[in-house]
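Undergrad: Note that the protein sequences, when read in sequence, are chains G and A. First residue of the first sequence: 1, per full-length UniProt numbering; consecutive thereafter. First residue of the second sequence: 1, per full-length UniProt numbering; consecutive thereafter. All C-beta atoms in this analysis are idealised placements derived from N, C-alpha and C, irrespective of residue type, glycine included. Computed from a predicted model, the values in this text were never measured in an experiment.
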Amino acid sequence: MEQEDESEGAAAEQQADEAEEQLADDLLLHFERVLHSDPLIDEVGFLHPTQFGSLGCGQDGDSASQAPEFQHRYFWCRDHKLAICSEILPKLYRAARDAYYNTRNAPSQAVHLMSLTKVLLILCPDMLTAWNSRKMVLSEKYDFTKLKDELQLCALILSYSPKNESTWSHRRWVLKQVAEQHQDMAQLVEKESVLVKEIAERSKMNYRAWRHRCWLIPYMTRKQVLDELKKSTRWSELHVADNCCFHYRRSLLLALLDSCLGNGEDSVSWESETCMLWKDELRWNEMLIRRYQGRESLWNHRRFLSQWWIQQLFSVEETCPSTTSQVDLFITQEIGLLSECLNDPADEFGESCVQAELSALYILWISKQVPAVKGKLEERLHSVSIVGLKDVLVRACRPEKRWLWMNVLGLPDRSQ
Amino acid sequence: MAGKAELAADQHVRYIVTVEKKKDSFESLVMEHIRLNGAYWGLTTLDLLHKLHAVDAAEVVDWIMSCYHPESGGFGGNVGHDPHVLYTLSAVQVLCLFDRLDVLDVDKVADYVAGLQNEDGSFSGDIWGEVDTRFSYIALCTLSLLHRLHKIDVQKAVDFVVSCKNLDGGFGAMPGGESHAGQIFCCVGALAITGSLHHIDRDLLGWWLCERQCKDGGLNGRPEKLADVCYSWWVLSSLIMIDRVHWIDKEKLTKFILNCQDKENGGISDRPDNAVDIYHTYFGVAGLSLMEYPGVKPMDPAYALPLDVVNRIFLRK
Chain G
1 MEQEDESEGA
11 AAEQQADEAE
21 EQLADDLLLH
31 FERVLHSDPL
41 IDEVGFLHPT
51 QFGSLGCGQD
61 GDSASQAPEF
71 QHRYFWCRDH
81 KLAICSEILP
91 KLYRAARDAY
101 YNTRNAPSQA
111 VHLMSLTKVL
121 LILCPDMLTA
131 WNSRKMVLSE
141 KYDFTKLKDE
151 LQLCALILSY
161 SPKNESTWSH
171 RRWVLKQVAE
181 QHQDMAQLVE
191 KESVLVKEIA
201 ERSKMNYRAW
211 RHRCWLIPYM
221 TRKQVLDELK
231 KSTRWSELHV
241 ADNCCFHYRR
251 SLLLALLDSC
261 LGNGEDSVSW
271 ESETCMLWKD
281 ELRWNEMLIR
291 RYQGRESLWN
301 HRRFLSQWWI
311 QQLFSVEETC
321 PSTTSQVDLF
331 ITQEIGLLSE
341 CLNDPADEFG
351 ESCVQAELSA
361 LYILWISKQV
371 PAVKGKLEER
381 LHSVSIVGLK
391 DVLVRACRPE
401 KRWLWMNVLG
411 LPDRSQ
Chain A
1 MAGKAELAAD
11 QHVRYIVTVE
21 KKKDSFESLV
31 MEHIRLNGAY
41 WGLTTLDLLH
51 KLHAVDAAEV
61 VDWIMSCYHP
71 ESGGFGGNVG
81 HDPHVLYTLS
91 AVQVLCLFDR
101 LDVLDVDKVA
111 DYVAGLQNED
121 GSFSGDIWGE
131 VDTRFSYIAL
141 CTLSLLHRLH
151 KIDVQKAVDF
161 VVSCKNLDGG
171 FGAMPGGESH
181 AGQIFCCVGA
191 LAITGSLHHI
201 DRDLLGWWLC
211 ERQCKDGGLN
221 GRPEKLADVC
231 YSWWVLSSLI
241 MIDRVHWIDK
251 EKLTKFILNC
261 QDKENGGISD
271 RPDNAVDIYH
281 TYFGVAGLSL
291 MEYPGVKPMD
301 PAYALPLDVV
311 NRIFLRK
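1) Using a 10 Å radius around the Cβ and a threshold of 16 neighbouring Cβ atoms, would you call Arg222(A) buried or exposed?
2) To the nearest angstrom, how far is the alpha carbon of Ala173(A) from that of Asp10(A)?
3) Let me know the secondary structure DSSP gives Tyr68(A) once reduced to three states.
4) Under a CB-based cut-off of 8 Å, is Pro223(A) close to chain G?
5) Between the Cα of Glu71(A) and those of His33(A), Asp168(A), Lys108(A), Leu307(A), spot the shortest distance and give me the residue it belongs to.
6) Residue 330(A) to Asp153(A), Cα distance in whole Å?
7) Does the beta-carbon distance from Tyr207(G) to Cys244(G) come in below 8 Å?
8) Give me the chain G residues within the contact set of Asp228(A), using Cβ-Cβ distance strictly less than 8 Å, ordered along the chain.
9) Check whether the stretch 321-334 of chain G and the stretch 346-353 of chain G touch, using three or more Cβ-Cβ pairs below 8 Å as the test.
10) Where does Pro306(A) fall in DSSP's three states?
11) Spatial neighbours of Gln66(G) within its chain, please: CB distance less than 8 Å, with the 5 preceding and 5 following residues excluded, ordered by chain position.
12) I want to verify the contact list: residues of chain G whose CB lies under 7 Å from the CB of Gly177(A), in sequence order.
13) Answer with yes or no whether the minimum CB distance from residue 326(A) to chain G is below 8 Å.
14) Thinking C-alpha only, which one of Trp403(G), Ala186(G), Leu153(G) is nearest Ile41(G)?
15) What separation, rounded to the nearest whole angstrom, lies between the Cα atoms of Pro162(G) and Lys401(G)?
16) If you draw a straight line from the C-alpha of Ala2(A) to the C-alpha of Val394(G), how long is it?
17) Pick out whichever of Cys210(A), Pro272(A), Thr254(A), Ser90(A) has its Cα sitting closest to the Cα of Ile64(A).
18) Going by DSSP in three states, Ala83(G) sits in which element: helix, strand or coil?
19) Leaving aside the five residues before and after Val245(A) along the sequence, list all residues of the same chain whose C-beta is less than 7 Å from its C-beta, in chain order.
20) With distance defined between alpha-carbon atoms, name the residue in Gln155(A), Leu104(A), Ala110(A) nearest to Glu119(A).
21) Which chain A residues sit within Cβ distance under 8 Å of Glu351(G)?
22) Under the rule that 16 or more other beta-carbon atoms within 10 Å means buried, what is Lys118(G), buried or exposed?
23) Measure the Cβ-Cβ separation of Met205(G) and Asp242(G) and say whether it is below 8 Å.
24) Answer yes or no: does any C-beta atom of chain A fall closer than 8 Å to that of Asp62(G)?
25) If you measure from the beta carbon of Leu146(A) to each beta carbon in chain G, is any gap under 8 Å?
26) Could you give the C-beta distance for Ile257(A) and Gly284(A), rounded to a whole number, given that I count them as a contact under 8 Å?
27) Give the residues of chain G in contact with Met291(A), contact being defined as C-beta atoms less than 7 Å apart.
28) Could you tell me if Ala130(G) is buried or exposed, where buried requires 16 or more neighbouring beta carbons within 10 angstroms of its beta carbon?
29) May I ask you to list the residues that DSSP assigns as paired with Val387(G)?
30) Are the stretch 362-373 of chain G and the stretch 296-304 of chain G touching, with three or more C-beta to C-beta distances below 8 Å?
31) Any idea if Tyr282(A) is buried or exposed, counting beta-carbon neighbours within 10 angstroms, 16 or more meaning buried?
32) How far does the alpha helix (DSSP H) with Gly38(A) in it reach, from first residue to last?
33) Are the beta-carbon atoms belonging to Phe26(A) and Tyr93(G) less than 8 Å from one another?
34) Residues in its own chain within less than 7 Å of Val13(A) by CB, not counting five upstream and five downstream?
35) Fully enclosed by the stretch 134-162 of chain G, which beta strand (DSSP E) runs are 3 residues long or longer?
36) Starting from Leu254(G), trace the alpha helix (DSSP H) both ways and give me its first and last residue.
As structure tokens, then:
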């Protein structure tokens, strides 16, 4: 009797398993159809069943209204927006994964493989092997339209998974395929740059997104580099804590310097143009430093700008000496900025303390990176009644910074 | 002073051993493809806590070898996944932990990695060509552990890494890439392994790295970011390699890491009160190891393996 019960139980269990498997396969098939019927989907949301109910599923406009009732509970697609019910994700993923494994090594299955990997990657963008299968299919024959579709799939995934390394990497692979076919990159580069800007808007300090933008620079013309610099000004002003954007500007400036080399007649005018830009950048950065107190990225940017600028001024002085030293003027101005920051009245958020520390470390940085100005710096400090750099640092820095500046100044620390 | 925080070693061991068994959630499913990295994080942590014997070595080694691709010589992140240097290094490191490099066709694996070196000295991660300084480190570390550095152009590999140095003293993922503590670890590690640390301005890089310490004592990976336990490893190991670790406050950092523990159920999170995971558990314990926390094995900062494991590999020859 007991045995009979057991075997009956086992049969019921098997039946349930089969039904479950069938459901998963149906869901997969349906999802593939949804993706196929709207290739322009630009947003995906994974919704909890309770949220899903509020979408008004199964009503007009649903992309596959002829589908069986239960599927309306799990998918919703309208105006190129797709929602998937989170409840079915494990089932759907397993079904897609198993179908993918059965298909991946069959060469005649290219279309099916592209469809399955699309499903898989929307659910799990990190699955390198699935991206590779797509690369394999795409590299069989160069097809610009298909590569553009691929960029769209990447953009879709990045819209909800903006830091996904594999997706960014795949995107670069696609762009390299296009570049290798000598397609005009100018327009494409511009679109890429806009995409990064939009993603960076929603995902702050996104290293991978900005890395992508820096990666584009060698594909840019000098004019595009100049435009990028101009266009990112406003963005930086609104995101002063985002070091990535300032790094991007540094990369653009360095690219401009590189482009000055070996360009015949243009070299001289390009160089003076770049110097003007550098000067503007310094002025703009100072304005931001005064407006937004205690921002590390702004001071880091200044370190970079000043280091190159002082060296540039030195080399100009060497070739055409004048009565007033431009380096001296610059140092005077920087010490002026320091003394202002040191004397800022305290505020309730402690920002003025951070500002004082950053300004002191900035001067220390200059003295280390451009040793030729060390003497001038000390001299100027005296003239604003500061005894020396060490005193500035004692006054402005938190105690834990002591190790750093004592070592950089080469002072023996007795407390060690 | 807050109550004395201590490392909940037993709980962490239990967490790592049981994490494998919760495979059905969607979160675990979408991690399947990097299981080999997970194995490295979990098993290295166990070894640091003197508990590697809590797992069945033969079973692990068998599974590792089931991720091997004999045609290419590389390892995939799990059974049936494409090979990539990311997983090849993890496989080699785990085999080092168990002292089982003997199961490898060492030349075949080394040829796979060496074959990914490009004309400019950089390394691709796999046949599809993405370049990253992470892959330079991985290639150099793998080949060095296998005693096969001679299979590549080491000078060119070093030159490429040096070309990724920024004016702030740090390193990025590619030439001109923003400095990032994780990428810095890779570049400093690559230079340490090849005996090329003289390319680094130690004071300048040390400065950038020690500026990563936030007010809460934890370390961040880039300017203006929040502290995260994983940078305890990336930043500290780099500081040790360039001999500037005394520039940060180790006591505050230790406290920060200990505050990120789930003391009841084990595991360490990125920052206090967040959900734990195996990745941060490894980096937390590894960070404590670098600060000579009692009861934790010392770690080699360049090879990212316990020191006794590294010694066994290089002193035996």
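TA: With the given structure in hand:
1) buried
2) Put simply, the backbone Cα of Ala173(A) is about 37 Å away from that of Asp10(A).
3) strand
4) yes
5) Lys108(A)
6) Nothing about residue 330(A) can be reported from this structure: the residues present for chain A run from 1 to 317 only.
7) yes
8) Going along chain G, no residue has its Cβ under 8 Å from Asp228(A), so there is no contact; the nearest lies around 12 Å.
9) no
10) Note: Pro306(A) maps to strand in three-state DSSP.
11) Bear in mind that a pLDDT of 48 at Gln66(G), under 50, signals an unreliable position, so the number given afterwards is only what the model happens to contain. The answer is none, since no qualifying residue turns up.
12) Arg211, Cys214
13) The question about residue 326(A) has no answer here: the residues shown for chain A are numbered 1 through 317.
14) Leu153(G)
15) 35 Å
16) Per-residue confidence for Ala2(A) stands at a pLDDT of 44, beneath the threshold of 50, marking its modelled position as unreliable; the derived number appears in the next sentence. Using only the alpha carbons, I get a separation of about 28 Å.
17) The shortest Cα separation from Ile64(A) among Cys210(A), Pro272(A), Thr254(A), Ser90(A) belongs to Ser90(A).
18) strand
19) Leu236, Leu239
20) Here the closest residue by C-alpha is Gln155(A).
21) Contact annotation for Glu351(G) against chain A: no contact, minimum CB-CB distance about 13 Å [criterion: below 8 Å].
22) Counting Cβ neighbours within 10 Å, Lys118(G) comes out buried, since at least 16 surround it.
23) yes
24) With a pLDDT of only 47 at Asp62(G), under 50, the local geometry of the prediction cannot be trusted, and no value is derived from it.
25) False, the Cβ-Cβ gap to chain G never drops below 8 Å.
26) 5 Å
27) Near Met291(A) there are no residues of chain G at all, since even the closest Cβ is about 15 Å away, more than 7 Å.
28) Under this definition Ala130(G) is a buried residue.
29) Answer by DSSP bridge pairing: none, since Val387(G) is not bridged.
30) yes
31) buried
32) If you look at Gly38(A), you'll find it in the alpha helix (DSSP H) that goes 35-48.
33) yes
34) Leu46, Leu49, Lys51, Ala54
35) none
36) 243-260
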